[in-house]
Amino acid sequence: MGGGGSTRRVTFEADENENITVVKGVRLSDSLIDRMKEPSSGRSPRSSGAVNNEELKKRIAEELALERARRDSEAQKRRLKQEQMFVRDEFGKLLERERISSNEHLTRAILRERAATEEERQKAQRFAKQLEEKDRELKKHDAYYKEQLARLEERVKPF
1 MGGGGSTRRV
11 TFEADENENI
21 TVVKGVRLSD
31 SLIDRMKEPS
41 SGRSPRSSGA
51 VNNEELKKRI
61 AEELALERAR
71 RDSEAQKRRL
81 KQEQMFVRDE
91 FGKLLERERI
101 SSNEHLTRAI
111 LRERAATEEE
121 RQKAQRFAKQ
131 LEEKDRELKK
141 HDAYYKEQLA
151 RLEERVKPF
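Using UniProt numbering, the first residue of the sequence shown is number 1, and each one after it goes up by one.
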């Protein structure tokens with residue numbers, strides 16, 4: 001074709017938009033034609049003259065839409081994860097406040113119970129002292145009356 005003394009005549013032409021180069025006089029193998037027809041991501045649009053501009057734009061738009069959807073999905077996942085962490089933190093704070101409130105309530109109840117128990121104990125001590133005082137008083141009266149009875153019996157004996 002171009003080197004080695006080939007005698008075949010080859011001409012090159014361009015279409016009206018100068019997008020496609022037409023090569024005349026070159027025989028292409030079937031495998032090369034098939035490869036040119038297949039969409040390939042490795043080749044550039046200029047090297048494969050078979051790529052349509054509209055199709056390329058459509059493919060790029062689809063890929064951009066997929067990428068945008070993927071980014072939106074990832075952003076939504078991040079927001080969801082942040083919201084879950086926020087809810088978990090708020091729930092933890094709520095549980096902590098409830099625990100503290102419950103502990104305070106329980107502590108107040110225990111202190112009230114201790115105060116009531118102490119009051120009962122002091123009351124019992126006062127009653128015990130009053131009882132002992134009454135008992136001493138009664139014993140004193142008993143001794144006095146026994147002494148008076150003994151004196152009376154001593155006076156009555158001679159009669």
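Cβ atoms here follow ideal geometry from the backbone N, Cα and C, with glycine treated the same way.
Just so you know, these numbers come straight off a predicted model, no measurement behind them.
Cα separation between residue i and residue j?
i, j, result
"Glu83", "Lys58", "37 Å"
"Phe127", "Glu154", "40 Å"
"Glu38", "Ser31", "11 Å"
"Leu94", "Leu66", "41 Å"
"Phe106", "Ala116", "Reading off the sequence shown, one finds Leu at residue 106, where the question assumed Phe. Cα-Cα distance, rounded: 15 Å."
"Lys146", "Arg136", "15 Å"
"Leu56", "Ala69", "20 Å"
"Gln122", "His141", "28 Å"
"Asn103", "Leu80", "34 Å"
Does any residue of chain B have a CB that is nearer than 8 Å to the CB of residue i?
i, result
"Arg121", "Reference to chain B is not applicable here, since this structure consists of a single protein chain."
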